[in-house]
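>
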Amino acid sequence: MKSILSLDISRNQLSSKIPPSISNLNFLSYFNVSCNELLGEIPLSTQLQSFGPSSFVGSQLCGPPLPEICIVDQNTTPAGTEDERKESDEDEEEYWFRLGIAVGFAVGFLGVISPLLFYGYYRRAYFWFFEEYLWYKILDCYIKFKLMLVRN
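Numbering (this note's numbering), first residue to last: 273 to 424.
#1: Just to confirm, are Ser-295 and Ser-317 a CB contact at a threshold of 7 Å?
#2: Would you list the residues sitting across from Asn-308 in a DSSP beta bridge?
#3: Within the 7 Å Cβ cut-off, does Val-329 reach chain C?
#4: Of all the options Glu-364, Ile-290, Asp-280 and Tyr-414, which has the alpha carbon lying nearest to the alpha carbon of Gly-312?
#5: Give me the Cα-Cα distance between Gln-346 and Val-375, rounded to the nearest whole angstrom.
#6: Considering only the beta carbon of each residue, do Asn-304 and Leu-286 sit closer than 7 Å?
#7: Considering just the uninterrupted stretch of the alpha helix (DSSP H) at Cys-334, what are its terminal residues?
#8: So, with DSSP's three-state summary, where would you put Leu-279?
#9: Which of the three DSSP states, helix, strand or coil, is assigned to Phe-377?
#10: Rounded to whole angstroms, how far is the Cβ of Pro-337 from the Cβ of Gly-324, which I believe are closer than 8 Å?
#11: If contacts are defined as beta-carbon pairs under 8 Å, then Ser-278 and Ser-301 qualify, I think. What distance do you get, rounded to the angstrom?
#12: So who's on the other strand from Phe-303, going by DSSP bridges?
#13: For Glu-313, name the three-state secondary structure that DSSP assigns.
#14: For Phe-299 versus Ser-275, is the C-beta distance shorter than 7 Å?
#15: If you draw a straight line from the alpha carbon of Asp-412 to that of Arg-395, how long is it in whole angstroms?
Listed below in structure tokens is the structure:
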């Protein structure tokens, strides 16, 4: 990527800030990021500062070659930081959500399986209940089916 000669990404609705790695493009002869939603300071490099202000028009960029000076304020957050924070908050929220599901499943599963594994009385009662319940359900469905056939 260091040997790119021309880079025109204008009118692409890009947001955030220009990545500092762009300043490593030493052979760049044409560069245009105009009409995007870019923010912040233009990375310092002799290559990027050699392009005219028209390459950066329509964005909220500052620093050379633009006349707008970047003001570093301790109270404001750098460009892109708010989006990164939202993304990391969403990642953390998703992590805790998944962890809660896993813990809930483990507790629920072990709450049902543990008594069946360790207590013979519960195991026999559990399987007896389902055996009887299923037997009566199957028998009930069979009788209803036969009655339906007789009626038709």
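Glycine residues also receive a C-beta, built at the ideal position from the N, C-alpha and C atoms.
Every value quoted in this text rests on a predicted model; they were computed, and no experiment measured them.
Reading from the atomic positions:
#1: Here Ser-295 is near Ser-317, since their CB atoms are less than 7 Å apart.
#2: The partner list for Asn-308 (beta bridge, DSSP) is empty, contrary to what the question assumes.
#3: Of the chains in the structure shown, none is chain C; there is only one protein chain.
#4: That would be Ile-290, whose Cα lies nearest to the Cα of Gly-312.
#5: With a pLDDT of 48 at Gln-346, under the threshold of 50, the predicted position of this residue should be treated as unreliable, and no value is reported.
#6: Remark: C-beta atoms of Asn-304 and Leu-286 do not approach each other more closely than 7 Å.
#7: Premise fails: Cys-334 lies in the beta strand (DSSP E), 332-334, not in any alpha helix (DSSP H).
#8: Strand.
#9: DSSP places Phe-377 in helix when its eight states are reduced to three.
#10: The beta-carbon distance between Pro-337 and Gly-324, rounded to whole angstroms, is 6 Å. This is short enough to meet the 8 Å contact definition.
#11: Contact flag correct, Cβ pair sits at about 6 Å.
#12: Per DSSP, Leu-279.
#13: Three-state DSSP puts Glu-313 in a strand.
#14: The answer is yes: Cβ separation under 7 Å.
#15: The straight-line gap separating the alpha-carbon atoms of Asp-412 and Arg-395 is approximately 25 Å.
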